[in-house]
Each structure stands twice: as C-alpha cells, then as structure tokens.
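Asks:
Number of protein chains: 2
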Amino acid sequence: MKSLSRNSHNWRRLGWAVKRGETIEQAPASLGSARGSSGLLRDEGKGVRKSQSRIVSRALSVSDAKPVVRQIDSWCGCCSSHQRGYGSAPGDGQVYRDKRYAELKDADIVHFRQILGEKGVVVDRDDLDWANTDWMHKYRGNSQLLLRPQTTQQVSEILQYCHAGRLAVVPQGGNTGLVGGSVPVFDEVILNLGAMNKILSFDEASGILVCEAGCILETLDNYLKSRGHTMPLDLGAKGSCQIGGNVSTNAGGLRLLRYGSLHGNVLGLEVVLADGTVLDLLGTLRKDNTGYDVKQIFIGAEGTLGVVTKVSVLTPPKLASVNVAFLACEDYASCQKTFAEAKQQLGEILSAFEFLDRHSLELVLKHLDGARDPLPDSKESFYLVVETTGSNQTHDKEKLDAFLESALEKELIKDGAVAQDISQAASFWKVREVPGAVYKYDLSLPLKDLYSLVEDMRERLRDSATVIGYGHMGDGNLHLNVVAPSYDDKLVSQIEPYVYERTAAVKGSVSAEHGLGLMKPKAIYYSKPPAAVQVMAGFKDLLDRHGILNPYKPTASVKSTKTFGTPTFDVTICRSDETPLQTKLKVKFEQMPLLV
Amino acid sequence: MKSLSRNSHNWRRLGWAVKRGETIEQAPASLGSARGSSGLLRDEGKGVRKSQSRIVSRALSVSDAKPVVRQIDSWCGCCSSHQRGYGSAPGDGQVYRDKRYAELKDADIVHFRQILGEKGVVVDRDDLDWANTDWMHKYRGNSQLLLRPQTTQQVSEILQYCHAGRLAVVPQGGNTGLVGGSVPVFDEVILNLGAMNKILSFDEASGILVCEAGCILETLDNYLKSRGHTMPLDLGAKGSCQIGGNVSTNAGGLRLLRYGSLHGNVLGLEVVLADGTVLDLLGTLRKDNTGYDVKQIFIGAEGTLGVVTKVSVLTPPKLASVNVAFLACEDYASCQKTFAEAKQQLGEILSAFEFLDRHSLELVLKHLDGARDPLPDSKESFYLVVETTGSNQTHDKEKLDAFLESALEKELIKDGAVAQDISQAASFWKVREVPGAVYKYDLSLPLKDLYSLVEDMRERLRDSATVIGYGHMGDGNLHLNVVAPSYDDKLVSQIEPYVYERTAAVKGSVSAEHGLGLMKPKAIYYSKPPAAVQVMAGFKDLLDRHGILNPYKPTASVKSTKTFGTPTFDVTICRSDETPLQTKLKVKFEQMPLLV
Chain A
1 MKSLSRNSHN WRRLGWAVKR GETIEQAPAS LGSARGSSGL LRDEGKGVRK SQSRIVSRAL
61 SVSDAKPVVR QIDSWCGCCS SHQRGYGSAP GDGQVYRDKR YAELKDADIV HFRQILGEKG
121 VVVDRDDLDW ANTDWMHKYR GNSQLLLRPQ TTQQVSEILQ YCHAGRLAVV PQGGNTGLVG
181 GSVPVFDEVI LNLGAMNKIL SFDEASGILV CEAGCILETL DNYLKSRGHT MPLDLGAKGS
241 CQIGGNVSTN AGGLRLLRYG SLHGNVLGLE VVLADGTVLD LLGTLRKDNT GYDVKQIFIG
301 AEGTLGVVTK VSVLTPPKLA SVNVAFLACE DYASCQKTFA EAKQQLGEIL SAFEFLDRHS
361 LELVLKHLDG ARDPLPDSKE SFYLVVETTG SNQTHDKEKL DAFLESALEK ELIKDGAVAQ
421 DISQAASFWK VREVPGAVYK YDLSLPLKDL YSLVEDMRER LRDSATVIGY GHMGDGNLHL
481 NVVAPSYDDK LVSQIEPYVY ERTAAVKGSV SAEHGLGLMK PKAIYYSKPP AAVQVMAGFK
541 DLLDRHGILN PYKPTASVKS TKTFGTPTFD VTICRSDETP LQTKLKVKFE QMPLLV
Chain B
1 MKSLSRNSHN WRRLGWAVKR GETIEQAPAS LGSARGSSGL LRDEGKGVRK SQSRIVSRAL
61 SVSDAKPVVR QIDSWCGCCS SHQRGYGSAP GDGQVYRDKR YAELKDADIV HFRQILGEKG
121 VVVDRDDLDW ANTDWMHKYR GNSQLLLRPQ TTQQVSEILQ YCHAGRLAVV PQGGNTGLVG
181 GSVPVFDEVI LNLGAMNKIL SFDEASGILV CEAGCILETL DNYLKSRGHT MPLDLGAKGS
241 CQIGGNVSTN AGGLRLLRYG SLHGNVLGLE VVLADGTVLD LLGTLRKDNT GYDVKQIFIG
301 AEGTLGVVTK VSVLTPPKLA SVNVAFLACE DYASCQKTFA EAKQQLGEIL SAFEFLDRHS
361 LELVLKHLDG ARDPLPDSKE SFYLVVETTG SNQTHDKEKL DAFLESALEK ELIKDGAVAQ
421 DISQAASFWK VREVPGAVYK YDLSLPLKDL YSLVEDMRER LRDSATVIGY GHMGDGNLHL
481 NVVAPSYDDK LVSQIEPYVY ERTAAVKGSV SAEHGLGLMK PKAIYYSKPP AAVQVMAGFK
541 DLLDRHGILN PYKPTASVKS TKTFGTPTFD VTICRSDETP LQTKLKVKFE QMPLLV
C-alpha cells in the first residue's frame, strides 16, 4: 500500500501550483471565467477582431478585421445567382442562392429606417464586414444590410416585413460560433440582437434571471456575481457571446457537467417567429406542465425556427470555494478510472473534468508564449484538469485531498499539482489557439471510445499531420484537432468522412456543442435518423413556411412530408436555382434527403 | 445575539427526532423513497387498488377496484355518441365522442391477436376495469380493449393499424396520473406499456441508463442503488409509476430542486409516432447539437404526440449521507428567508425544501393514524422539511448545524428537529391522503406569491371548507387543497375560475407537475398565450394528423393554422359530433380557441 506521505513529493510548487496540504484561498473564479479574464479568447491579442462591446458602442464603424475566407468557389460581389462551396471535402457542399428570396431594394431600407430609425440600419459595406465574417474567418457572407432592433416589437415588425416580402434573414448574436451559423451565406439581411441588452429582472430568492437576448454572457455573470449567483454555463467566448446565441446554439461549455444543459436551465423564452408573431413563453417557473414545452424546440435550433428575443434562466448560487488540480495519467484507461474515482470521492463538488493528451500539451508549450508545464518532470501521455466548486473551503479541500490520495494509492494518476491561482490553469486551454492549418472536430462519444478515435486518426494520417485530442471528458465531448502545415484537400479526404463514420459507428454525435451551421448540415445523418430529420423539417415548415430564417443551414432544404415512416430517398432538393444539389453533392447516405 | 447553546433546547428527541449535535448515520434513502417504502402511496392499505406489479403478474385479472366515478353527465354503457362532463365548474367541460373515430370491430381484435398473441390482448370487461379507471377514481372510460405489446415493433404495428383505421388510442403506463390523462374518455383502445419493462443498459462510468418505457420507477432506482447511482426523480407513486409515463407527463417530484427537470436529464427517447413510425432518438450523449432536439417535445406531451417506448436517462451518483430537518416558522416570510439561508449555507448539499402549513399538519394529526407531531410544543403557522444529500456525513452534518444555528440566530425558525430515521419524516406527506371531498390544485407560483393564494382562498371560502397549502417550496410548487364535507358545485364555483385567474395574474402555472389531462385542458390559456397553443396544435397536426393519440386531451381540438399571429377567436372546434363545443362551454377567454 502506498501512503500519502510517500507520494507527497509528487505535489510540487511550480509557479502556479502548490504542494498538497496547502490551502487554496479565495480562488477567484471558475476555469471558464479564468480563460476569459486571462485573455485567451481567440480574438484577443491578435488585433483582428473588435469585442462585441466595442461594436455596440461604435455602432458598427469601420472594421479592423482582415478576414481570410477559405472555401469560396465563386464569388462575384453581386448578391444573386451565386455558387459557394463550404464542405471540407473537395467537391462537397455546393450551395446556390435560392432565387425565391427577394433581393434587397431601396424601398426596403426606407421601410426599415421607419421601424428602427437611422442608427438601427447599417448599410455601409465596411461597417458590415465584421458581421459578414465569422469568428474563425472561415465563412464570409455578402449581406448589404444589418439591422439592430432595440425592442421585441421592432424585431416583430422587421420579420413580418421580411416574411411578406421573402427577404432572407440571419439572426446574429455575438457572432462567436464556430460552424458559420451566425453569418450570411449570400445577401441575407443580418438581424443583430446586440442592442437588446437589458437585464429585465432578477429574483434573488429563486435565482431566476430574465434578460434580453443581446446580453453578453460575461456581463450577466458579473451582474449575478455581486448578487450571490452565477450563470449555469461558461464558455471561452463569454466576453463576446450573447445569451440569445447561447440559447439558439444550445451552448455547452465547462459547467455542463455540474449544472446540466440549457434544456434544463432555460425556464422561458420570448421568441419572434418568422411571420412576426411574438411567442411569449417567458415563464419564470421551475415547473410548468401546461401543454407541450414549445420553448425547448428553439434551444439549439440555430435561429432557423424563430428569433430568441428574451431569456429566463435559472442561475445557481455562486459558491465560494473553487479548487483546480492538474494530474498526469499513464494511459487513457487511467483517465477513465480517475473520472470514476472523482465522481465517487468528490461527489457533489465536482464541477469540471477535462483532459488533454501529451501531444496537445507539447504543441502548447512549443508554440504559445507564456505556457508552462506544471509537471515538467512527468512525461505522461495524458493530463487531466479537475475542478471542484463548493460552499466550504475546508470541506472541499478535505474531499480533494482524499480523492488525490486515493487516486495516487490506486496508481490511477502518476503525478499532480494543485492550482494556487486558478487563472493560471487556463494556460492549457491555449491548445485551442495553436497556429497553422487546424481542422477542428467537435464530437460526442461514449467515454470508452473517446480516445481511440484520436489514436486511429493518428495512425491513419501518420506523418502528414499532427493529431491532438482534448476536451470535456466529463461530458464525453472530444475536441479532435488535426494540425497541418497548410490546408490540403488530400488531407481532408483522409479525415472525412472517416471521422464522421467512426463517430456514427459508436452512436456518437458529429456536433457535440457547436451545432451544424453551414459547416456540416448534411452530416446530421451520421447522428440522426431520416425520420427524425423529417420531423425537424416539419417543424421548420410549420414555423417558417417561407424559409426566411437562416437559410442554407440545418433542415432548410429537406421537404416536409408528414410521412415520416416512408422511405425518404425520393425527397427532392427544392431550393437550388440551377442544377439539383443531389448531382453536385458527394453524399454518404445516398438514400437520404439532402441538406445544403 | 443568540448563541447556539442557548437555543439548543429547541432541538429535542421526539420519537423520530434527535437532539442537534447527534449524528444521523446511514439514513436509508431520500424523502420520496421513504414515502414509498412506508406505505404512503394512495393505493396502499385501502384494498381498492392493485399495484402495477401485481397487474403485470396477473395479466389484468378481475379487479378489486370499486371505482367511484364523479362528474359523468350521461353514460350509457355503449361506446358511441356519448356526452361527458369533466370540468369542476357546473356546466363546464362537456365532451362528445368524436364520430370520426372508428368503433372497435371483431376483425380488429383478430388483427391485434396476430400481432401480440392471445396474452397481449385483453377484452374481458372486468379485466379492463382497472385500466379504465384513474388512480383517484375520478375518471372512468369505457374501453373494450387493452393491448400489452412487448416490443417496439409491436407498438409500431398497432399504431400503424389504428392510424389507418382511425381507432383512437390511449397510451398508458402505471396509470398513476392525477388529471385523467392515462384513462380513456370513451372507447379508446388502451395501449398499456407495462410489459415493456426491460433494463437495456447501464454505463457506470457515465451513469447513463437505457430502459424500456414500462419499467417501474422504483425498480429502476433499486437497480441503480446497487450500482452507486440513483434516479434523478422521485415521486410518491414510485412503486407503480413507469418511466415512460414519467417522461410523458414530465413528472417533477422531490429531487427536481437538486437534479433539475427531465428536460435536462432525459438524454434520449425512442418514440413511436401515430402512424407507426419509430423515431430512434435514443442517444446516450450529454451533448448532441445535430439539428433540433426533437425528443424534447415528447417530454410532457401526455402521450398525445407519440408513444414513448424507450428512455435514456442520466443518473446521478448515489450519495451516502442524507439528513432531514423539520422546522417551525412563525410566518411565510420566515419560510422564504429560511430558504434563502438554506441555499446559502447548505449550498451543493441541499436536496429538498418542502413546506406545509399548520392547517395541513393538524388535518394529518387529526385524521391519519400513525402521524405524530415532531414539535408538539410548537404551535407555529408553518413547517419546513429540509433535506440534504451529500457524499460526506461529517461535512454535511457540519453544514446542517451551521445552517440551523444561523437560522435560529436570525430568528428565521422558531423550533426544529432532526430526523433520526428518515422514513419517519414521511408521515407528514400523509397530508395528501386526508379523507373527505378534496379539491386538489397543483400550481406553480413565484415564491413571494405562493402562500397568499392560500390565504385569499381561505378568506374567500370562510367556513364552507378547510383550505390547506403544502408543496415543494424549493420549486415554487404549491399543492392547494380544499377539503369539504362533500363535493358541492356551489363550492366549486367559488374556487374556479378564481384559483386559475389568481395564478395567471402572477404569471404562474395552473399545472405545475401533473399535466392537463382531461381535468383541465382548457385551463391552458391561463398559463400559455393563444399563439403558443396554436404552435402546439401545429405539432399535434404534424405528428398525429388523424388525432388518434389520447384524444379529448391537450390541444386535441384546436385547429392548426400556421397563422400564429392572427386573432384566433375564429378558430372553430372541429371534433364534436353534434353541437359545437363553443356553445356548451363556459369559457373564460371567449376570444380564444377552445379545447375540449
């Protein structure tokens, strides 16, 4: 039997680490907020991106962004009869502008000015650049108009007009999505919710917050902090992303392990439907079984079923004690066992369980300034970041000590350090910012299969790329990154559709927390059966019968039939303006209805 | 400043209570399971009701039940052209059998025997009595056929046949609902899921359980207990209710405060649609953002959109330490403050916060055998039951002590006792079984308004009835009971619609956790706007276009339009066979589309 003392040399002071037994007082925040505050957002320090708050104050003045837009096959500056390619694989994902959508006219702009006034209508092309380009600079639309409503009534009037006139619309929040869901594909009108940023109410007794959709996540969290509560979700993009976008993309993030998904935490929504109908589902009740829970269908619908204008969310109490441990494991099996041990020993205080492999750590140490190895003497294959959050520092420390002791005793972990300053733990998340051509895949997999996909991919690609794996192990969420010297179609064809097929084979999800967006709408069939996609198309048809909301994205081109059980291979693609997409797309499941 | 020691006399040994400072070891289970195991289910000890497990083993042999069915206006034993009254208010809620539904023929029974074999087809009227009558003996249908499928394929074939032949169907689980949702209204075919009761998989690493819909909640909890986990929901009816029914009614219960609703905990569903289509949404992933989260719409749909056949649910670890405190408060304001204090002090270990008023306690003590007052020297107006659940008994005890000390110090509570044997705490839940004519209302209200409704009702009814209030305070869920010597239409007219109007005035819910069922479908408008009900009707029309699933219940009679924003007063009732319902119903909101 190993004893704690005999292993105590494993716990060292490493700048940000303290010896086991030392107390970690007043840890300032959770992992996610630490990432936010320590400048690790993708847009910071690069000078290419304004923060959303600056956007708000500058009312979309000239953008500093110099977007590098990949994967555009033909692009003429004019808005109609375009063809664009978005799939990662060569020849995949051609998209045509749908001629059924009207083109913007001067009269439209006059009308919108009547609704919003001069300031709410942005037409300057330079001003539009930011909103036309996605966060990753991977997708760029060509919208000529951005609208910034300040009230639900204005959103309703805008959509009523667009619905009647068949003007396509892209709802946009903080524009921090990673799959191109928040930017136009062609000339869609951008409906930016950023000016609807008021906190409407907060009830300290119940912890229920009601606010407008354009509130920035970090702003909400700061507001709650002084009132003894915290938001139930936490993301790297918290300084820019908006709660309406979080809801519309069913954002996951770090705290999901502890507080669950937005489907459980969102208590109410106000949504404006495509025809301008205001759906007031803005309840503030934990229990409400009066009819179907309609609001649920808008959570994660990526703005294709309605525009979220207000949100009611249950917020947990802010707990005072936060601890972080950085641990080294010999193999992935040990990581799994350590997770089981953590759940057992840490019980109700476990709040995050993240992992990264050695390759990830090395890339971070090699490429990113300021990243330090907290365990320089350990050369293990896997690293874990375990966070606890509780109400009593002494109790939490005891639980954490018992867990670490037990994990050492059972040889589940080889080494470890406890964070003194929690913000320093964030340096490992710089792995997301490794330079070069990076293909990113956001997958959900059964825990036991989580890492074998990384190993298989590494074996498959051999010397042509570096394959790294990290993610939210507690949620079964793998971020698989393939890092190459440059973007290369041959490399892509080795990755896709293999990565999706492998995921589907173990009933995983090809989009865990990012959504489908424009990047992978047709990949939906790897994770959902055709009958389910038909139901989705039915919802779309019911709620947006002219398809004006966020077109060319999930379910936009599946024809709703109401015959869910019949074979669906004869469903036609109805929204391309020239050649049927079926002939253009390289489709894995040929018998299935296609999505653009 | 009061000190802990000076108040220590408030903590006394009272049979089931121990002095503060004593340790509560090995508390066997949570509040809900204690209720289950101590025989507090409504059907036990009364000799009128078989348990579901007996039903299963006896294959629906002659029922012991002697149902007392109220509120049936005309009832002729034959199945067609009926008229029934279900509303609580006189003249309210007349329902006609819809002639568009076919009547059962011998050929149908022959066909079902081909699908299910002899044992799966129940036609004996005595055998059907149990399934025709609801748990409260308030509603009774007249179905002539009960089907007990054993596989999803059989459910699919049954529904395909019923859909084609326009046979109306009532999906039924444990038949423990309180609003008449699980029994037929007329001659609908009963589709009982009780024979689909297999546990399909459990992954100890993730805590994800996959099982068939007919699994009894307590069976699942017992299965998990030996594997270190527990179900995220707990109900009084756990010994009989089935997980498919729990999902279909979005059951709430005790643990919701801690683990959240089924919208967060259900990870996947297999659902058979009305036309027999099997919708495989049986994922086992915590994160899956591939398209709309279709499964959500079946959670709480009361079996009107599809039949849940399999469930995938996230189960939390079973924590070893459970404590219960019974506290007395002077007024409701103190209850609210004590709740705030509990959230602050107990933080992550708080697992239930329930309340009952003095009137409830007195009724229990007067009428129910075995009920004892844990605080006989206190005659306070309010009592709280506070439960903690955690992984470390010493830590939990310290937190509970600190909370109690603080609550005493601040004079939030006047007296208290800590439960030695947790099952004894359950005696207070006998309040639900108080004899006599009891009108039960299950409401969600903002915390600050929760009890004023009880007081107003008491003032309103004065000597004509006893008004009591209890419920899940932590969830804002009030159970308002009006106890009278006998059922009385005049009394009802004093209660309704007042109780619903008062609830609507503070944006509450007229059905917190029980659903609408047959009891109050038209009351939906008190909690949901017409546009939302129109969307619900659209979902119904999309997924069950012949309306065969659980007819005469939520949204069954609202005509789907797709023009959500237009005034809805011209929507006609289309499913009564004689006089339009509009002329029969006493409707509060005359401009709104009606529901039978």
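These protein sequence lines map, in sequence, to chains A and B. Using the UniProt record's numbering, the first residue of the first sequence is number 1, and each one after it goes up by one. Using the UniProt record's numbering, the first residue of the second sequence is number 1, and each one after it goes up by one. Every residue gets a Cβ at the ideal spot worked out from N, C-alpha and C, and that includes glycine. It should be emphasised that the depicted structure is a prediction, and the values quoted were computed from it without experimental measurement.
Could you tell me if GLY173/A is buried or exposed, where buried requires 16 or more neighbouring beta carbons within 10 angstroms of its beta carbon?
Replies: Here residue 173/A refers to the residue found at position 173 when the first sequence is read from its first residue. Buried is the call here.
Asks: Assuming the contact rule is C-beta atoms closer than 8 Å, PHE326/A and VAL385/A should be a hit. Round their C-beta distance to whole Å, please.
Replies: Within the first sequence, the letter at position 326 stands for residue 326/A. Within the first sequence, the letter at position 385 stands for residue 385/A. Contact holds; Cβ gap of about 6 Å.
Asks: Here's a check: name, in chain order, each residue in its chain whose Cβ is nearer than 6 Å to the Cβ of residue 597/B, leaving out the five neighbours to either side.
Replies: A query on residue 597/B cannot be resolved here, the shown segment of chain B reaching from 1 to 596 and no further.
Asks: Go through the region 213-286 of chain B residue by residue and report every complete run of the alpha helix (DSSP H) that reaches 4 residues or more, in order.
Replies: 217-225, 243-248, 256-259, 262-265
Asks: In the DSSP assignment, the beta strand (DSSP E) including THR309/A goes from what residue to what residue?
Replies: The count along the first sequence starts at 1 and reaches residue 309/A at position 309. Note, THR309/A: beta strand (DSSP E), 307-314.
Asks: What is the DSSP secondary structure of ALA371/B, reduced to helix, strand or coil?
Replies: Along the second sequence, read from residue 1 onward, the residue named residue 371/B stands at position 371. ALA371/B: coil per DSSP, three-state reduction.
Asks: Would MET536/A count as contacting chain C if we go by Cβ distances under 7 Å?
Replies: Any reference to chain C falls outside this structure, whose protein chains are A and B.
Asks: Assuming PHE382/B and CYS329/B form a contact by the criterion Cβ under 8 Å, report the distance between their Cβ atoms to the nearest whole angstrom.
Replies: Sequence index remark: in the second sequence, residue 382/B carries index 382 (1-based). Sequence index remark: in the second sequence, residue 329/B carries index 329 (1-based). Contact holds; Cβ gap of about 4 Å.
Asks: Could you tell me which of GLU302/B, TYR332/B, LEU542/B sits nearest to LEU277/B, measuring between CA atoms?
Replies: In the second sequence, counting from the first residue as 1, residue 277/B sits at position 277. According to the sequence as given, residue 277/B is Thr; it is not Leu. Taking only the C-alpha atoms, the option nearest THR277/B is LEU542/B.
Asks: Rounded to whole angstroms, what is the Cα-Cα separation between PRO232/B and ASN192/B?
Replies: Position 232 of the second sequence, counted from the start, is the residue given in the question as residue 232/B. Position 192 of the second sequence, counted from the start, is the residue given in the question as residue 192/B. Put simply, the backbone Cα of PRO232/B is about 24 Å away from that of ASN192/B.
Asks: Could you list which residues in chain A have their beta carbon closer than 7 Å to that of TYR161/B, in chain order?
Replies: Position 161 of the second sequence holds residue 161/B. Neighbours of TYR161/B on chain A: none; closest Cβ ~13 Å, over 7 Å.
Asks: Compile a chain-ordered list of the residues in the region 266-296 of chain B whose CB is closer than 8 Å to at least one CB of chain A.
Replies: LEU273, ASP275, GLY276, THR277, VAL278, LEU279, ASP280, LEU281, GLY283, THR284, LEU285, ARG286, LYS287, ASP288, ASN289, THR290, GLY291, TYR292, ASP293, VAL294, GLN296
Asks: Applying the 10 Å Cβ sphere with the 16-neighbour rule, what's the burial state of LYS318/B?
Replies: If you number the second sequence from 1, residue 318/B lands on position 318. Buried, because 16 or more other Cβ atoms sit within 10 Å of the Cβ of LYS318/B.
Asks: In this structure, does DSSP put LEU159/B in helix, strand or coil?
Replies: Position 159 of the second sequence, counted from the first residue, corresponds to residue 159/B. Looking at LEU159/B - three-state DSSP - the assignment turns out to be helix.
Asks: On the premise that ASN142/A lies in contact with GLY303/A, defined as a C-beta separation below 8 Å, what is that separation, rounded to the nearest angstrom?
Replies: Residue mapping note: residue 303/A aligns to position 303 of the first sequence, counting from 1. Residue mapping note: residue 142/A aligns to position 142 of the first sequence, counting from 1. 18 Å between Cβ atoms; not a contact.
Asks: Cα-Cα, which of GLY244/A, VAL324/A, LEU145/A, ARG372/A is closest to LEU269/A?
Replies: Reading the first sequence from its first residue, position 269 is the one you call residue 269/A. Here the closest residue by C-alpha is GLY244/A.
Asks: LEU178/B to GLY228/A, Cα distance in whole Å?
Replies: Residue mapping note: residue 178/B aligns to position 178 of the second sequence, counting from 1. Residue mapping note: residue 228/A aligns to position 228 of the first sequence, counting from 1. Cα to Cα, LEU178/B sits roughly 38 Å from GLY228/A.
Asks: Please report how far the alpha carbon of LEU447/B lies from the alpha carbon of ASP442/A, in whole angstroms.
Replies: As a working mapping, residue 447/B is identified with position 447 in the second sequence. As a working mapping, residue 442/A is identified with position 442 in the first sequence. Distance between the alpha carbons of LEU447/B and ASP442/A: 40 Å.
Asks: Please state if the CB of GLY508/B and the CB of LEU257/B are separated by a distance shorter than 7 Å.
Replies: Counting from 1 along the second sequence, the entry for residue 257/B is found at position 257. Counting from 1 along the second sequence, the entry for residue 508/B is found at position 508. In this structure, GLY508/B does not lie closer than 7 Å to LEU257/B by Cβ.
Asks: Relative to the C-alpha of VAL122/A, which candidate in LYS105/A, GLN94/A, ILE190/A, LYS138/A has its C-alpha closest?
Replies: The sequence position of residue 122/A within the first sequence is 122, counting from 1. Among LYS105/A, GLN94/A, ILE190/A, LYS138/A, the Cα nearest to that of VAL122/A belongs to ILE190/A.
Asks: Against chain A, does HIS479/B count as a neighbour if the rule is that its beta carbon must be under 7 Å from one of theirs?
Replies: Reading the second sequence from its first residue, position 479 is the one you call residue 479/B. Answer no: the Cβ-Cβ gap between HIS479/B and chain A never drops below 7 Å.
Asks: Going by beta carbon distance, what residues of the same chain come within less than 6 Å of HIS395/B, once the five residues before and after it are set aside?
Replies: In the second sequence, the residue the question calls residue 395/B occupies position 395. There are no such residues.
Asks: Mind the definition here: the region 520-535 of chain A touches the region 288-306 of chain B only if three or more C-beta pairs lie below 8 Å; say whether that holds.
Replies: yes
Asks: So is LYS440/A in contact with chain B if we call contact Cβ pairs under 7 Å?
Replies: The sequence position of residue 440/A within the first sequence is 440, counting from 1. So, not an interface residue.
Asks: Ordered along the chain, which non-local residues of its own chain (more than five positions away) have a Cβ less than 7 Å from that of CYS78/A?
Replies: The count along the first sequence starts at 1 and reaches residue 78/A at position 78. Caution applies to CYS78/A, whose pLDDT of 31 falls short of 50 and renders its modelled position unreliable; the value that the coordinates give is listed next. Here the set comprises nothing.
Asks: Can you pull the chain B residues whose beta carbon is under 9 Å from the beta carbon of ASN550/A, in chain order?
Replies: To locate residue 550/A, count along the first sequence from 1; it is residue 550. Near ASN550/A there are no residues of chain B at all, since even the closest Cβ is about 13 Å away, more than 9 Å.
Asks: Please list, in chain order, the residues of the region 325-359 of chain B that have any C-beta partner in chain A closer than 8 Å.
Replies: GLN336, PHE339, ALA340, LYS343, GLN344, GLN345, LEU346, GLY347, GLU348, ILE349
Asks: List the endpoints of the continuous alpha helix (DSSP H) containing TYR498/B.
Replies: Numbered from its first residue, the second sequence carries residue 498/B at position 498. Unbroken alpha helix (DSSP H) run through TYR498/B: 498-505.
Asks: Excluding the 5 residues flanking GLY264/B on each side, which residues of the same chain have their C-beta closer than 6 Å to its C-beta?
Replies: Walking along the second sequence from the start, residue 264/B turns up at place 264. Annotation for GLY264/B: no residue places its beta carbon closer than 6 Å to its own, counting only its chain and skipping 5 residues before and after.
Asks: Under 7 Å between C-beta atoms, does HIS111/B make it to chain A?
Replies: As a first step, residue 111/B is located in the second sequence; it is residue number 111 there, counting from the start. By this cut-off, HIS111/B is not an interface position.
Asks: Does the distance from the CB of THR309/A to the CB of GLY515/A come in under 7 Å?
Replies: Reading the first sequence from its first residue, position 309 is the one you call residue 309/A. Reading the first sequence from its first residue, position 515 is the one you call residue 515/A. Not closer than 7 Å, so no.
Asks: Should ALA107/B go down as buried or exposed, given a rule of 16 or more other Cβ atoms within 10 Å for buried?
Replies: As a first step, residue 107/B must be located in the second sequence, where it is residue number 107. Label assigned to ALA107/B: exposed.
Asks: Measuring CA to CA, which of LEU147/A, LEU128/A, ASP127/A, TRP135/A is closest to VAL110/A?
Replies: Here residue 110/A refers to the residue found at position 110 of the first sequence. Per the Cα distances, LEU147/A.
Asks: Taking the alpha-carbon positions, what's the ARG35/B to LEU350/B distance?
Replies: The sequence position of residue 35/B within the second sequence is 35, counting from 1. The sequence position of residue 350/B within the second sequence is 350, counting from 1. For ARG35/B, the predicted structure reports a pLDDT of 32, less than 50, and the residue's modelled location is therefore unreliable. A value from the coordinates is still provided. Taking the Cα positions, ARG35/B is about 19 Å away from LEU350/B.
Asks: Is it buried or exposed, SER334/B, if we count other Cβ atoms within 10 angstroms and call 16 or more buried?
Replies: In the second sequence, residue 334/B corresponds to position 334, counting from 1. With 16 or more other Cβ atoms inside 10 Å of its own Cβ, SER334/B counts as buried.
Asks: Using DSSP with H/G/I as helix, E/B as strand and the rest coil, what is VAL183/A?
Replies: Within the first sequence, the letter at position 183 stands for residue 183/A. Coil, per DSSP.
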